[in-house]
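Everything below concerns the one structure shown next.
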Amino acid sequence: MKRTILSIALLLGITSFASAQLSVSKTPKMETISKVAPLGVLRMELKRGITNGDTTYMFIYPNNAFKQLSKRGEFHLKASTQDMLNLEKVMLEVLDNKESKEHVTVTLGEKEYYFSRETIMGFPSLMIAQNPDYDYTYISEKEIKKIFSPFHEGKKK
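Each residue of the sequence shown is one higher than the one before, starting from 5 at the first, in the numbering used here.
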């Protein structure tokens, strides 16, 4: 009898512990608001989702560290329109700074990313990297302006 009661108590303890591990949260449905894909090859995509008044943006980019494999990287951040314009400004400032050999560290979401100016085939590009050895992508000034163009639409006259 003691074994049966002990077994039942142990079973109830394990199942209550297992159910305590489950947490449910709502994630926003993401819609694409801008995309850079010359000739159908993805360079960067910006998606937006809104939940409980918070706007979450997700950048999707090809991870250039993998030469034989098509792997995409992404980062999420909760931001206002002004925050996104400030991010664009930082990207363009790093790209315009021809003299600096240092990178700029920016926290996007919960991760730190490094922005640095690189020259690819004679053209200036912004390197966006979480780790320059295995998670990075390049984007040009024209592509930066295109990806952030939805934030300038209200300002056009």
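Positions of the beta carbon are idealized from the N, C-alpha and C atoms, including for glycine.
Here the structure is a predicted model, which means the values were calculated and not measured.
Across which residues does DSSP place Met62 in a beta bridge pair?
What you label residue 62 is simply residue 58 of the sequence shown in a count that begins at 1. In the DSSP output, where bridge partners are listed per residue, Met62 has Lys51, His80.
Helix, strand or coil at Leu112 [DSSP, three-state]
By 1-based counting over the sequence shown, the position of residue 112 is 108. It is a strand residue.
Identified DSSP bridge partners for Ser129
Within the sequence shown, residue 129 is the residue found at index 125, counting from 1. BP columns for Ser129 point to Glu122.
Asp2 - containing beta strand (DSSP E), residue span
Summary: the structure shown does not reach residue 2, with the chain confined to residues 5 through 161, and so no result is reported for it.
Figure out for me which residue from Glu78, Lys149, Ser104, Leu89 has the closest Cα to the Cα of Ser120.
Translated into the one-based positions of the sequence shown, residue 120 becomes position 116. Closest option to Ser120, Cα to Cα, is Ser104.
Tell me whether the beta-carbon of Ser153 lies closer than 7 Å to the beta-carbon of Tyr142.
As a first step, residue 153 is located in the sequence shown; it is residue number 149 there, counting from the start. As a first step, residue 142 is located in the sequence shown; it is residue number 138 there, counting from the start. No. Outside cutoff.
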